[in-house]
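Going by my numbering, the first residue of the sequence shown is number 1461, and it counts up by one from there.
Every residue, glycine too, gets a C-beta built ideally from N, C-alpha and C.
The structure appears below as structure tokens.
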Amino acid sequence: MTSQARLSLTALFITSSIIWISGNGILPLLPIYAESLGANNFEIGLYLAFSYACLAMGAVVAAKTVHSQHSAKQIMVISGALSIPIIFCVGQARSLYELVAFTSLIWLLGGAGFSALNSMMAKLTDHKHRGKVMGLLAITSPIGSVIGGAFSGPIVDLWGFDALFFTLALINMLWPVCGLMVRTDESITTIEIKTPTRVGSTVYLPRVKQQQHWNYQLISAASLSYMSYYIALLATSLIMKDAGYSATEISSTAIIGGLAAIPFIYGASHASDIFGRKAFWIFSNLIGAIALILLSVAESIVTFWIAAFMIRFLSSGSRSIGSAWIIDLCSPNRTIEPTGHRVHTETLVRYAPSINFLKNQWVSIQGTHIKSNAFSEEKALALISATPWIGGIMGYLAYGSASLTFTASSLLITAVVIPLLSIGLVLTIKHSPFT
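Here's what the structure looks like:
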């Protein structure tokens, strides 16, 4: 990796951290803010679900707009610049409708910026280190939780929500500045492609339809993991609020969750490069299921901290392992399956300035035409990047609707089935790196 690529990766890492400081810094307190403006639990669920729908919309629009590193950089910088005045306005909301409008706008920009950032990050990595680099990007989420959670609660307790969002607006000024530091030279966006499956001089082509099925299974599994994660987040805030905990104590759960996620994300994503993705996916969802049970009976602050520590495994596993895994499923170097169609070649090693060979097109290799995987890497990354927002929509809607009928404890016990369904979906995926 060149020094230019390292500089760009560092700038993207800082930008991602800033986005998550804002997002994770306010997320545990948004239900409290909405409640102070007169919202009930059902309305809070609808409000957060709509906000996450805007996140998903921003991610999808950005994914369809991005066609190069340069366009991705433009989207990231513009989103950051527009977010500064809007996040300030969130703190000036004096009605639930104003809060919904401003939050939705900032979430829309966040989804667009993060989708563009994720696309740029993937194009700066080669397949041998992809899990490690994606893990570093995923670490920015818990870093945001730790930093944002450390100051958001105390600021609200001392000076109110308007002071919190003024502080976040100042922090967000770094977003477009760091975005401008990212280099878009095609020379640094190189990806190394090698064939791991050869029989003498024979290379087998992938089963494209099967790969597409696995992609959609993984995307569905990630959405379910995030759904249970956001159910747990909303439940934690509302249960602690009803129990009389302060904003500082509520935001402390974000700090604990972030501290749990940092070593797990880095360790699991790096180890999954060696041992495969599936085992770590199963582990993180099992821990999340246990956490939901623990949260259903939590009363003391220590119990809430332990539950927050374990709950974070749901999002951490999906974020770090999911991005690397779905690229594995799309890349020719990791999706080779015997089909009986043979292509004679010596060695397939290419350094490409783009990843057009992953799209549904014919690629020439030593005079022989083969068809690459129809599920492009850009499309896969866009979809897997949208799963947190899809999961948030489903989770917040489910909790808000169910809270009209069920208690928080019974709802959390029922939600245990969701991460188990996520595990069931990935069990049928035959491909996992090096297995």
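Report the residue from the options whose alpha carbon sits nearest the alpha carbon of residue i.
i: Gly1498; options: Gln1534, Gly1604, Ile1781 and Glu1558; result: Glu1558
i: Lys1701; options: Ala1758, Leu1597, Leu1624 and Leu1871; result: Ala1758
i: Leu1515; options: Phe1562, Leu1789 and Ile1710; result: Phe1562
i: Leu1556; options: Thr1627, Ile1535 and Asn1501; result: Asn1501
i: Lys1753; options: Pro1848, Leu1880 and Ile1853; result: Per the sequence shown, residue 1753 should be read as Ile rather than Lys. For the residues Pro1848, Leu1880 and Ile1853, the minimum Cα distance to Ile1753 belongs to Leu1880.
i: Leu1489; options: Ala1875, Asp1622 and Leu1640; result: Asp1622
i: Leu1432; options: Ile1607, Asn1578 and Ser1463; result: Only positions 1461 to 1895 of the chain appear in this structure, which leaves residue 1432 out of reach.
i: Ala1882; options: Arg1779, Leu1684, Cys1790 and Phe1548; result: The sequence given here has Ser at residue 1882, not Ala. Closest option to Ser1882, Cα to Cα, is Leu1684.
i: Gly1540; options: Gly1571, Ser1511 and Met1517; result: Gly1571
i: Ser1601; options: Ala1767, Phe1548 and Phe1473; result: Phe1473
i: Gly1608; options: Ala1471, Ser1482 and Val1876; result: Ser1482
i: Arg1466; options: Leu1789, Met1580, Ala1721 and Phe1724; result: Met1580
i: Ser1564; options: Gly1639, Leu1678, Ala1509 and Leu1789; result: Ala1509
i: Leu1678; options: Ser1463, Leu1885, Met1536 and Trp1567; result: Leu1885
i: Ile1492; options: Ala1695, Cys1549, Gly1518 and Ala1598; result: Ala1695
i: Val1537; options: Ala1721, Ile1873, Leu1640 and Ser1756; result: Leu1640
i: Ile1566; options: Gln1534, His1530, Phe1625 and Ser1468; result: Phe1625
i: Arg1737; options: Leu1789, Leu1841 and Val1520; result: Leu1789
i: Phe1548; options: Val1520, Thr1627, Ile1853 and Ile1599; result: Thr1627
i: Pro1545; options: Glu1495, Ala1532 and Ala1629; result: Ala1629
i: Ile1787; options: Glu1495, Gln1672 and Ala1720; result: Gln1672
i: Thr1888; options: Gln1464, Trp1674, Ala1840 and Ala1598; result: Trp1674
i: Ala1731; options: Gly1777, Ala1846, Tyr1705 and Glu1709; result: Gly1777
i: Ile1766; options: Ala1720, Arg1779, Asn1745 and Ser1775; result: Ala1720
i: Arg1779; options: Tyr1686, Ala1532 and Cys1638; result: Tyr1686
i: Ala1875; options: Ser1783, Ile1750, Pro1848 and Ser1543; result: Ile1750
i: Val1560; options: Ser1543, Lys1890 and Ser1511; result: Ser1511
i: Ile1710; options: Ala1768, Met1517 and Ser1783; result: Ala1768
i: Ala1784; options: Leu1841, Met1517 and Asn1745; result: Leu1841
i: Ser1680; options: Val1762, Ile1878 and Leu1542; result: Ile1878
My understanding is that residue i touches residue j, with C-beta atoms under 8 Å, so please give their C-beta distance in whole angstroms.
i: Ile1964; j: Ala1868; result: In the structure as shown, the chain begins at 1461 and stops at 1895. Residue 1964 is therefore absent and cannot be evaluated.
i: Ile1747; j: Phe1773; result: 4 Å
i: Phe1740; j: Ile1771; result: Going by Cβ atoms, the distance from Phe1740 to Ile1771 rounds to 17 Å, so no, they are not a contact pair.
i: Ile1742; j: Gly1855; result: Going by Cβ atoms, the distance from Ile1742 to Gly1855 rounds to 21 Å, so no, they are not a contact pair.
i: Asp1617; j: Ala1707; result: 5 Å
i: Leu1487; j: Leu1693; result: 7 Å
i: Tyr1676; j: Gly1851; result: Wrong, their Cβ atoms sit about 15 Å apart, outside the cutoff.
i: Gly1718; j: Val1593; result: Contact doesn't hold; Cβ gap of about 20 Å is too wide.
i: Ile1873; j: Ser1756; result: 5 Å
i: Asn1484; j: Gly1604; result: 4 Å
i: Ile1535; j: Ala1576; result: 4 Å
i: Ser1496; j: Arg1643; result: The Cβ separation is near 44 Å, so there is no contact.
i: Ala1519; j: Ser1845; result: 5 Å
i: Ile1914; j: Ala1494; result: Because the chain in this structure spans residues 1461 to 1895, residue 1914 falls outside the shown range and cannot be described.
i: Ala1682; j: Thr1847; result: 4 Å
With residue i as the anchor, note down where its alpha helix (DSSP H) starts and where it stops.
i: Val1876; result: Val1876 -> no alpha helix (DSSP H), and no H or E assigned at all.
i: Ile1742; result: Lys1738 to Ser1756
i: Gly1639; result: Leu1634 to Leu1640
Using a Cβ cut-off of 8 Å (strictly closer), state whether residue i contacts chain D.
i: Ala1739; result: Judged by its chain identifiers, the structure shown contains no chain D, having just a single protein chain.
Check whether the Cβ of residue i sits closer than 7 Å to any heavy atom of the ligand GDP, and report yes or no.
i: Asn1484; result: The ligand GDP is not part of this structure, which contains no ligands at all.
Exercise for review: Quick one: which unbroken alpha helix (DSSP H) runs of 4-plus residues sit fully inside the stretch 1480-1558? Chain order, please.
Suggested key: 1490-1496, 1501-1525 and 1529-1550
Point to revise | Given 8 Å, three or more beta-carbon pairs between the stretch 1629-1636 and the stretch 1476-1484 | key: yes
Review point. Would you call the stretch 1701-1715 and the stretch 1605-1613 in contact, with 3 or more CB pairs under 8 Å?
Key: yes
Check your understanding: Would the stretch 1511-1525 and the stretch 1544-1556 be scored as touching if the rule is three or more Cβ pairs under 8 Å?
Key -> no
Practice item. Give a yes or no on contact between the stretch 1504-1519 and the stretch 1856-1875, applying the rule of three or more CB pairs nearer than 8 Å. Key: yes
Check your understanding: In chain order, which continuous runs of the alpha helix (DSSP H) of length 4 or greater are located wholly inside the stretch 1676-1737?
Key -> 1707-1735
Review point. What are the start and end residues of each continuous alpha helix (DSSP H) run of 4 or more residues lying completely inside the stretch 1846-1889, in chain order?
Key: 1868-1875 and 1877-1887
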